[in-house]
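Asks: Sharing a structure here in C-alpha cells format.
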Ligand code: SF4
C-alpha cells in the first residue's frame, strides 16, 4: 500500500500541474473560481490591458453580495441603489461578465446570494475540488472536503488568465473534536471555542482538518459554519472529510454530477478521506461536551468566553486594554446581561435555512425587546424563498424583526446596513474587528440562537434560558 | 513591476497586535474599481476624527512619521479579509515594507505580488524596533537581511520565487502564462469535466 495521506494531501496532489521545488512554488489547478463585485474589477482590467481572455469561463461563477443592497425596492423595485459607488461596482461586474463570457447570478436572479452560500447550494462545491474566490471566507467550502481558500485580486487575475495559481504547499493541522455538543450549543460555539483555544494566528501556514465524532455528527450547514471561520484562526483553509452526509446534501443539486457521472464522482469522493496512519504536522484535541454557548467580548474572534463567563483580566497589556476600551467593557464584568442595541442574523457563517429555523424557534410567539433592532438577512434568494414557504418570515416580522433580500449586509456594512457608533451588536457573522459593522460599532459574535435570545431580552442572554 | 533591491528608510511603529485588514483599509473604501489612490484611506478610522480632521494621537499624523517608508506592526499583522486593497493602500501611502513577528498568509501573499516587502523578524529584533520608532533601517532583498542602525543584521525569510521576481521585476502572471503547455496537458489528462 502506498504511503498514508491526509485529505488535504490527496486533493493537493490531484491538482499539481507542476510540483513545487525549492526555487519555485507549485502550479495548482483550480476547479471552481467564484467571483463577486468587490475584488474583481481590477483583475478584469488587467485582462483587458494585457489583451488576455478568461481561460475557463465554464469554471467561473459570478454573483453579487458584498456591496449589494438588501432592500427589496432597490433590487426588484425601481428605487435606485442608494450608494453610488456600490451601484457602479455592481454595474462593472455586469459589464465585465458580459464581456468575458462569465455566468452571472445577477441582482434580480433567484439564484443570487452570498458567494459562499450559493456555491454549495447549487452543488458547484464538491469534494476533492480546488475552489478559490477573492474572499477570505472561501474556507467555507472546505466543509465538503474541497480545498478552498481566499485569494487576492492579483491572484484572481492569475486564475482568470490561466486557471492556475502559484502556491506553496501549506502544513496540515488536525483539530480532533471528540464527544457531542450539548443542547443549546451550536457549531458556531464550537468554532469560537476552537479559535479561543488555538488563537487568531494559531492556524497561520496550516490547512485545518476538523475531525472526530463531534464533526461527523454535524450536518452540512453546521460544517460550513465551522470551516467558514478557519480564517479567523489564521488558516487559509479548513476541511471536513466527505461522508454520507455530504453526498446526501449534494445529490440532485443542479450543478452536482448527475446519473452515471454521479456514480463515478461518488467513487472518487469515497477515496478522499484521510488514510489511517496519515501524519499531520500538528494535532489539537477538544471535547465537544465541555463547550458552552460562546460569545466574543473584544475586537478579534479569539477574544471569546463562555456566555456564563466574565471578561478576562490581563495585567500590563495595553493592546488588551485598548480593545476593552473600544468595546466599552471592563475586565472582570459578567458578559451575560449586558444591554444590546442591534442584533444581526446573517452572513456566510450563519444565514442558511437551519440557522433561520433555529432563530425562529427562539423568536416564535415572542417580541424583540423595545429599542432593539433585529435584522435578519438570508444567505441566498433560494433560502429566502424556502424560509418564506415555511412561514419563518411571518415569525420574524411578528416578532418585530426586519427581513431582507440576501447579501453580506451588516457583516461588513459595505451596502449601508450599518451599526451606529458605540452601539452594541450581537452578530452571527464572523468578525468583530473595530469598525467592521460601522465606524465605532461594537460587535459581539455569537450563534443564531444566542443572537435571537439576546434580541428578545434586549441584553446578552444564554440561549438555554429561553429554549 | 519595478525591481526592488534595497530599502533604506526610517520606521513608523504601530505596536498593536492583530492589526487586521479592516483597520488597514475599512470596507466602505472598497467600493472602487481601480487600485489607485487608496493611500488617503489607509488606517482611516484611526487616522481621522469624525469630522475628517487628522487625529493628533495617531502615529502617522505625527511629524516624526513624515517620510517613514517602513511600518513596524505588532504580532499577526494583516489578519482578516483577503482584500488586496490593504497592500495597495500601504504602497500608495508610501510604505515599502512591513515588519512584524508574524504576518498573516493572504496579506503576505498579496504584498509580495505588489512589491510591498513583508518582513518577519525574531522577538528580540521586533522588541527593539517597537521601542525605537524612527530608526533608520536597511532592508536588503538580495541578501534577505535587515540591518538596524547599530549595525546588527538579521536574516528574514522570504519565499524564494517571490524574491527572484521582486529582484528582477518579473511578473508572476507572465511566468504562469509561460506554463500554458503544462496547463493544457493537465487539462487533457487529469481533468474531467464535472458539469
Ligand atoms: S457575509 Fe461577510 S464574511 Fe461572508 S462573504 Fe460576505 S462580507 Fe465576507
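Chains as they are written, first to last, in this note's numbering: chain A, 445 to 911; chain B, 4 to 198.
Virtual Cβ for every residue (Gly too), placed ideally from N, Cα, C.
With 7 Å as the C-beta to C-beta threshold (strictly closer), list the residues of the region 168-190 of chain B near chain A in chain order.
Replies: Those would be 175, 176, 179, 180, 182, 185, 186 and 189, in chain order.
Asks: The region 36-47 of chain B: which residues have C-beta closer than 7 Å to a C-beta of chain A, in chain order?
Replies: Against chain A - using a Cβ distance shorter than 7 Å - the residues of the region 36-47 of chain B are 36, 37 and 38.
Asks: Quick check on the DSSP output: the alpha helix (DSSP H) that includes residue 622 of chain A runs from which residue to which?
Replies: Where residue 622 of chain A is concerned, there is no enclosing alpha helix (DSSP H), although the beta strand (DSSP E) it sits in stretches over 615-622.
Asks: Could you tell me the alpha carbon to alpha carbon distance between residue 835 of chain A and residue 628 of chain A, rounded to whole angstroms?
Replies: One C-alpha to the other measures close to 23 Å.
Asks: Can you round the beta-carbon distance between residue 889 of chain A and residue 873 of chain A to whole angstroms, since I take them to be within the 8 Å contact cut?
Replies: About 7 Å; that satisfies the 8 Å criterion.
Asks: Establish whether the CB of residue 878 of chain A and some CB of chain B are separated by less than 8 Å.
Replies: So, interface residue.
Asks: At the level of alpha carbons, what is the spacing between residue 606 of chain A and residue 20 of chain B?
Replies: Those two C-alpha atoms are separated by around 37 Å.
Asks: May I ask which residues mark the beginning and end of the beta strand (DSSP E) holding residue 479 of chain A?
Replies: Residue 479 of chain A -> beta strand (DSSP E) spans 476-479.
Asks: Whether or not the region 773-783 of chain A and the region 800-808 of chain A are in contact is what I'm after, with contact meaning three or more pairs of Cβ atoms, one per stretch, closer than 8 Å; do they touch?
Replies: With the cut-off at 8 Å, the region 800-808 of chain A and the region 773-783 of chain A do not touch.
Asks: Taking C-beta to C-beta, are residue 28 of chain B and residue 41 of chain B nearer than 8 Å?
Replies: The answer is yes: Cβ separation under 8 Å.
Asks: For residue 59 of chain B and residue 759 of chain A, I'd like the C-alpha separation in whole angstroms.
Replies: Taking the straight line from one Cα to the other gives about 27 Å.
Asks: Under 8 Å, do residue 652 of chain A and residue 455 of chain A count as touching if we go by C-beta distance?
Replies: Cβ distance not < 8 Å, so residue 652 of chain A and residue 455 of chain A don't count as in contact.
Asks: What does a CB cutoff of less than 8 Å around residue 900 of chain A pick up in its chain, not counting 5 residues either side in sequence?
Replies: Correct list, in chain order: 806, 807, 810, 811, 812, 813, 843 and 910.
Asks: Pull out every residue of the region 13-29 of chain B whose Cβ sits closer than 8 Å to any Cβ of chain A, in chain order.
Replies: Under the 8 Å Cβ criterion, the region 13-29 of chain B contributes 18, 19, 20, 21, 23, 25, 26 and 29.
Asks: Going by DSSP, what residue range makes up the beta strand (DSSP E) through residue 93 of chain B?
Replies: Not the beta strand (DSSP E): residue 93 of chain B falls in the alpha helix (DSSP H), residues 88-96.
Asks: Below 8 Å CB to CB, which residues in the same chain sit around residue 708 of chain A once its five sequence neighbours on both sides are set aside?
Replies: Once the five neighbours on either side are set aside, the close Cβ partners of residue 708 of chain A are 701.
Asks: May I ask you to report which of helix, strand or coil DSSP gives residue 682 of chain A?
Replies: Residue 682 of chain A: strand per DSSP, three-state reduction.
Asks: What do you reckon, is the C-beta of residue 600 of chain A under 7 Å from a heavy atom of the ligand SF4?
Replies: It does not: the Cβ of residue 600 of chain A is nowhere closer than 7 Å to a heavy atom of the ligand SF4.
Asks: Chain A partners of residue 79 of chain B, CB-CB under 8 Å?
Replies: 644, 645, 648 and 678, listed in chain order.
Asks: Is residue 912 of chain A near the ligand SF4, judged by its Cβ being under 7 Å from some heavy atom?
Replies: Outside the displayed range of chain A (445 to 911) lies residue 912 of chain A, so it cannot be described from this structure.
Asks: Closest by CA to residue 71 of chain B, which one among B:138, B:190, B:159 and B:177?
Replies: Checked all of B:138, B:190, B:159 and B:177; the closest Cα to residue 71 of chain B is B:138.
Asks: Compare the C-beta of residue 446 of chain A against all C-beta atoms of chain B and say whether one is closer than 8 Å.
Replies: Not closer than 8 Å to any Cβ of chain B, the Cβ of residue 446 of chain A fails to qualify, so no.
Asks: Run through DSSP, which three-state label would residue 468 of chain A get?
Replies: Three-state DSSP puts residue 468 of chain A in coil, outside helix and strand.
Asks: Of the choices A:473, A:483 and A:734, whose alpha-carbon is the least far from that of residue 461 of chain A?
Replies: Considering only alpha carbons, the answer is A:473.
Asks: Should residue 856 of chain A be listed as close to the ligand SF4, given that the test is whether its C-beta is under 7 Å from any heavy atom?
Replies: For the ligand SF4, at least one heavy atom lies less than 7 Å from the Cβ of residue 856 of chain A.
Asks: Among residues of its own chain, excluding the 5 on either side of residue 596 of chain A, which ones have a beta-carbon nearer than 8 Å to its beta-carbon?
Replies: Only 483 and 578 meet the Cβ criterion.
Asks: Taking the alpha-carbon positions, what's the residue 13 of chain B to residue 140 of chain B distance?
Replies: One C-alpha to the other measures close to 6 Å.
Asks: Which residues of chain A have a Cβ atom closer than 7 Å to the Cβ of residue 163 of chain B, listed in chain order?
Replies: Within 7 Å Cβ-Cβ: 466 and 467.
Asks: Hey, is residue 459 of chain A close to the ligand SF4, as in C-beta under 7 Å from one of its heavy atoms?
Replies: No.
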